[in-house]
Amino acid sequence: MYNKKRSFDGAPRRNGGRTSRGKNRQSKQYIHESKFINTDVVEKHNDENAYQPTHRFADFNFAPQIQKNLEFMKFDTPSAIQDQTIPLAMAGKDVIGLANTGTGKTAAFLLPIINSLNNDRKLGSVLIMAPTRELATQIDDEFRKFSAGMKLYSVLLVGGVNIVPQLRGLQRGPHIIIGTPGRIKDHIERKSLRLGVIDHFVLDEADRMLDMGFVNDIRNIASQLPVERQTLCFSATFSDGVKAIANDFMREPEYVSVKVTETNDHIHQDVVRYTDPEHKKNLLMDLLNGETLEKTIIFGETKFGVQRLSDMIDKAGIRSVAIHGNKSQGQRNRALNDFKNSRVSVLVATDVAARGLDIPNVSHVINFDTPTTYDDYVHRIGRTGRGGKTGSALTFVPEKGARADRPEREERRERPDRNSRSEWRERRPAGAGNGNRDNRGPRPQGNQGQGAKRSGFGGSRKPRRDENSLMAAISEQN
Ligand code: ADP
Ligand code: MG
């Protein structure tokens with residue numbers, strides 16, 4: 000367990016000159032190991048309570064080419080969130096859609112938008128914001144598939160890559176603009192992106208964007224948009240921050256929630272007990288050498304640790320790729336593609352890869368290091384068991400009485416690699432920090448306290464001190 004007051008090495012500061020170094024870092028939550036176990040897997044397909052959609056895709060009156068593309072992609076029946084939000088979005092309403100990860104939110108907003116673009120091919124009229132470069136890229140990929148053959152064009156505005164091709168892309172007159180808040184704001188400031196004709200605005204993973212400290216950018220961008228527009232907001236949680244955005248920037252939004260439970264009942268979950276770091280590594284290698292692991296994501300906490308694990312796995316003759324904040328965007332993309340296309344079967348990653356990434360057929364998620372919060376856990380294991388498939392998640396925990404789960408020495412000096420940090424660098428040049436509190440980077444938010452609410456595990460546990468300060472930080476922000 001990390002100690003909040005732990006001091007760090009003298010590495011150069013990368014947080015835009017902020018003085019509150021580490022202050023906003025989320026301290027590690029106590030998660031009882033029973034929460035990592037679910038061996039009674041609910042088969043989604045046999046579930047009597049499985050959602051019965053009230054529409055088929057054919058009922059939505061999409062343009063024939065969209066229907067064709069859906070058939071080609073083998074989309075037959077809409078998922079719950081699609082079933083309920085698509086008719087509202089098609090009717091031009093503002094919609095707040097709350098649904099767990101992997102439930103098809105992307106199509107829920109893209110299909111009505113593509114259909115509307117097909118009727119009115121206005122250039123630059125759709126703006127979609129997502130928290131990370133990878134997610135924005137994924138939305139762009141899906142857009143191309145759903146709109147194939149329709150001569151609709153997109154531009155992807157994400158940080159960490161050369162801006163010049165993006166400037167050219169904007170000049171070519173795309174119909175739809177997809178990006179991360181930081182780079183979108185850059186383009187607005189450079190006047191390369193004009194917001195005057197935008198009539199569809201989408202916030203994907205809104206809670207995550209707020210968690211990452213993008214609140215000011217979102218507000219700034221949203222306030223410059225034409226008032227006559229449709230706003231669609233998708234989120235896993237309806238946090239106070241999301242409520243505030245909805246209040247301030249949406250018009251009489253329709254509210255759709257298809258969240259059933261926080262845990263992924265269809266994912267087989269278990270723990271792997273280890274006695275010491277050497278044992279832990281050996282167990283991991285045994286698992287990787289075994290027969291059952293096909294396509295595996297291993298999550299580690301720090302950039303250093305993740306790179307070392309990947310090197311170790313490579314040395315043992317199993318090809319792996321690594322994704323963490325020290326990799327360039329090009330390296331991150333290449334690694335992700337190699338893994339997506341199954342050229343390598345093992346991806347080692349920090350939580351950079353935990354949210355929203357849709358990689359087909361991941362058979363196993365291994366939490367080599369335990370996640371910082373239960374919320375992170377849910378997102379990590381949500382990389383498997385997607386699209387109605389079952390999946391498997393294994394979490395390494397120390398054997399009772401064994402030396403506590405402490406990262407090795409070099410790693411102890413390193414901060415957990417939070418996605419937000421690299422995105423932070425993207426959106427704010429060094430030294431540009433200011434005193435505005437909302438600009439200070441990642442803020443804990445959402446369901447931090449949910450562990451205590453669940454019956455069974457740790458319900459009567461008193462919050463520890465750093466959780467109290469976490470809760471204080473949350474209420475301060477909201
Ligand atoms: P979310 O954004 O809710 O995390 P995604 O939009 O990434 O989920 O969808 C998860 C996966 O499910 C994707 O691979 C997507 O192509 C697939 N999918 C979504 N909707 C359907 C559907 N109606 N039928 C079949 N597959 C679907
Ligand atoms: Mg999504």
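Quick note on numbering that gives the first Met the number 0: the sequence shown kicks off at 0 and runs consecutively.
For every residue, glycine included, the Cβ atom is placed at its ideal position computed from N, Cα and C.
Of the residues the options, the one placed nearest residue i, counting alpha carbons only
i: residue 294; options: 338, 322, 214 and 148; result: 338
i: residue 202; options: 314, 329 and 180; result: 180
i: residue 69; options: 26, 79, 113 and 27; result: 113
i: residue 108; options: 127, 345, 165 and 196; result: 127
i: residue 166; options: 347, 154 and 80; result: 154
i: residue 183; options: 125, 210 and 72; result: 125
i: residue 305; options: 228, 352 and 187; result: 352
i: residue 206; options: 223, 314 and 96; result: 96
Near the ligand MG: residue i beta-carbon under 8 Å from a heavy atom
i: residue 109; result: no
i: residue 134; result: yes
i: residue 337; result: no
i: residue 35; result: no
i: residue 203; result: yes
i: residue 233; result: yes
Cα-Cα separation between residue i and residue j, rounded to whole angstroms
i: residue 110; j: residue 36; result: 37 Å
i: residue 257; j: residue 230; result: 19 Å
i: residue 136; j: residue 178; result: 8 Å
i: residue 286; j: residue 391; result: 13 Å
i: residue 272; j: residue 394; result: 8 Å
i: residue 132; j: residue 377; result: 21 Å
i: residue 297; j: residue 32; result: 18 Å
i: residue 418; j: residue 151; result: Unreliable placement is indicated for residue 418, whose pLDDT of 48 sits below 50; no coordinate value is reported for it.
i: residue 365; j: residue 134; result: 21 Å
i: residue 371; j: residue 34; result: 13 Å
i: residue 116; j: residue 142; result: 12 Å
i: residue 327; j: residue 307; result: 17 Å
Which of helix, strand or coil DSSP assigns to residue i
i: residue 200; result: strand
i: residue 10; result: Only weak support exists for where residue 10 lies, its pLDDT of 35 falling under 50; the value from the coordinates is given anyway. In the structure shown, residue 10 sits in coil (DSSP, three-state: anything other than H, G, I, E or B).
i: residue 152; result: coil
i: residue 321; result: strand
i: residue 332; result: helix
i: residue 385; result: coil
i: residue 97; result: strand
i: residue 139; result: helix
i: residue 369; result: coil
i: residue 61; result: coil
i: residue 84; result: helix
Same chain only: Cβ atoms within 6 Å of residue i, ignoring 5 sequence neighbours per side
i: residue 478; result: No answer is possible for residue 478: it lies beyond the span of the chain, which begins at 0 and ends at 477.
i: residue 52; result: 76, 77 and 82
i: residue 193; result: none
Residue i beta carbon near the ligand ADP (any heavy atom closer than 8 Å)
i: residue 385; result: yes
i: residue 130; result: no
i: residue 279; result: no
i: residue 217; result: no
i: residue 359; result: yes
Proximal residues to residue i (C-beta, below 8 Å), its chain only, five neighbours per side dropped
i: residue 138; result: 105, 109, 127, 129, 177 and 203
i: residue 85; result: 54, 59, 77, 107, 110 and 111
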